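Novice: One structure, pasted below without further comment.
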Amino acid sequence: MNNQHPLISVIDVHKSFVTNGHRVDVLRGVKLDIYEREMVAIVGTSGVGKSTLLHVMGTLERPDHGEVLYHGKSVFAYDEQRIASFRNQTIGFVFQFHHLLPEFNALENTMMPALIHGMNTEEALERAEAILTRVGLKDRFRHYVGELSGGEQQRVAVARSLVLKPSILLADEPTGNLDTKTGESIHDLLISLNRDDGITAVVVTHNMKLAEKLSRRVTLIDGKAMPMD
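In structure tokens, the structure reads:
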């Protein structure tokens with residue numbers, strides 16, 4: 082795998098926040114490479130910066146220092162409009178809360194990023210139907226958010242994140258709001274998307290059972306990424 086060029090390279094990334102007048106250094110020189118078709122778990126105790134690292138990798142937050150490269154190109158060298166366009170086309174996000182729009186059904190929620198991106202309705206519909214079927218929701222196209230179970234809602238969120246066929250999926254505690262059994266079904270879905278569809282994924286999780294199933298595990302210690310394998 083190390084003979085490949087990384088899909089993502091995080092290079093000496095630092096990030097701090099000011100809380101109650103005090104500066105807190107969360108990331109302190111993180112270095113991490115992610116390769117195509119990998120599924121990497123980022124684990125660690127609460128507050129160590131797992132989500133912050135994911136947000137920087139996803140261009141949702143700028144680092145104070147350091148670079149994030151996608152295919153060797155520094156994304157934070159772009160202006161904000163180009164970063165936003167890059168993010169929408171390249172990165173899929175799944176969060177702990179699904180953030181679905183309750184006034185729309187599963188199909189419409191899944192289509193939304195494609196329509197915003199300017200895709201015609203027919204193609205967006207075709208893609209949404211295909212990915213919802215892939216995540217096991219073929220019979221739920223017309224169901225509204227309130228008519229879906231928690232696990233089904235999160236499956237719609239996964240489908241929505243993939244409708245634009247991103248290069249990578251970034252998932253931040255995707256099962257944090259689900260019971261154990263439902264959470265395991267989402268874990269299995271993400272693993273199958275990686276195994277069968279070749280989707281590259283980085284998953285922030287407290288769940289060591291899930292982490293142990295992934296290609297590689299990384300933990301954050303003193304603001305730096307350390308391999309666990």
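For my numbering, add 81 to where a residue sits in the sequence shown, where the first one is 1. From the three backbone atoms N, C-alpha and C, an ideal C-beta is built for every residue, glycine too. All values reported here derive from a predicted model rather than from experimental measurement.
#1: Alpha carbon to alpha carbon, how far is E119 from D269? Give it in angstroms, no decimals.
#2: Between E132 and V175, is the Cβ-Cβ spacing less than 8 Å?
#3: Who pairs with E148 in a beta bridge, going by DSSP?
#4: When you compare only the Cα positions, how much space is there between E204 and V216?
#5: Rounded to the nearest angstrom, what separates E189 and L206 at their Cα positions?
#6: Assuming D93 and G130 form a contact by the criterion Cβ under 8 Å, report the distance between their Cβ atoms to the nearest whole angstrom.
#7: At 4 residues or longer, what runs of the alpha helix (DSSP H) sit wholly inside the region 221-251?
#8: In three-state terms, what does DSSP make of M82?
#9: Any chance you could list the alpha helix (DSSP H) runs of at least 4 consecutive residues sitting entirely within the region 172-213, in chain order?
#10: Mind checking R223: buried by the 16 CB within 10 Å criterion, or exposed?
#11: Can you give me the C-alpha to C-alpha distance between I89 and M200, rounded to a whole angstrom?
#12: Is it buried or exposed for N186, if we count other Cβ within 10 angstroms and need 16 for buried?
#13: Give a yes or no on contact between the region 276-286 and the region 243-261, applying the rule of three or more CB pairs nearer than 8 Å.
#14: Buried or exposed for N288, please, with buried defined as at least 16 other CB atoms from any protein chain shown within 10 angstroms of its CB.
#15: Could you pull the DSSP bridge partners for K305 from this structure?
#16: Closer than 8 Å by C-beta to I267: which residues in its own chain qualify, once you throw out the five before and the five after it? Chain order, please.
#17: Using beta-carbon positions only, say whether R298 and A292 come within less than 8 Å of one another.
Specialist: A quick look at the data gives this:
#1: Here residue 269 refers to the residue found at position 188 of the sequence shown. Here residue 119 refers to the residue found at position 38 of the sequence shown. Roughly 15 Å separates the two Cα atoms.
#2: In the sequence shown, residue 132 corresponds to position 51, counting from 1. In the sequence shown, residue 175 corresponds to position 94, counting from 1. As written in the sequence, residue 132 is Ser, which differs from the Glu given in the question. For S132 and V175, no; Cβs fall outside 8 Å.
#3: Numbered from its first residue, the sequence shown carries residue 148 at position 67. For E148, which the question treats as bridged, DSSP gives the partners I92.
#4: Numbered from 1 along the sequence shown, position 123 holds the residue referred to as residue 204. Numbered from 1 along the sequence shown, position 135 holds the residue referred to as residue 216. Near 19 Å, if we compare the C-alpha coordinates of V216 and E204.
#5: Your numbering for residue 189 matches position 108 in the sequence shown. Your numbering for residue 206 matches position 125 in the sequence shown. Answer to the nearest angstrom: the Cα atoms are 8 Å apart.
#6: Taking the first residue of the sequence shown as 1, we reach residue 93 at position 12. Taking the first residue of the sequence shown as 1, we reach residue 130 at position 49. Contact between D93 and G130 is absent: CB atoms are separated by about 15 Å, not below the 8 Å threshold.
#7: 231-243
#8: As a working mapping, residue 82 is identified with position 1 in the sequence shown. Residue confidence is low: M82 scores 49 on pLDDT, short of 50, so the model does not pin down where it sits. Its coordinate-derived value is still stated next. Three-state result, M82: coil.
#9: 187-197
#10: For the purposes of this step, residue 223 is taken as the residue at position 142 of the sequence shown. So R223 ends up on the exposed side.
#11: By 1-based counting over the sequence shown, the position of residue 89 is 8. By 1-based counting over the sequence shown, the position of residue 200 is 119. Their Cα atoms are separated by approximately 27 Å.
#12: Position 105 of the sequence shown, counted from the start, is the residue given in the question as residue 186. Buried.
#13: yes
#14: In the sequence shown, residue 288 corresponds to position 207, counting from 1. When all chains shown are included, N288 counts as buried.
#15: By 1-based counting over the sequence shown, the position of residue 305 is 224. DSSP lists I302 as partners of K305.
#16: As a working mapping, residue 267 is identified with position 186 in the sequence shown. So the list reads G232, Q235, R236, V239, P255, T256, L259, once near-sequence residues are dropped.
#17: For the purposes of this step, residue 298 is identified with residue 217 of the sequence shown, where counting begins at 1. For the purposes of this step, residue 292 is identified with residue 211 of the sequence shown, where counting begins at 1. Yes.
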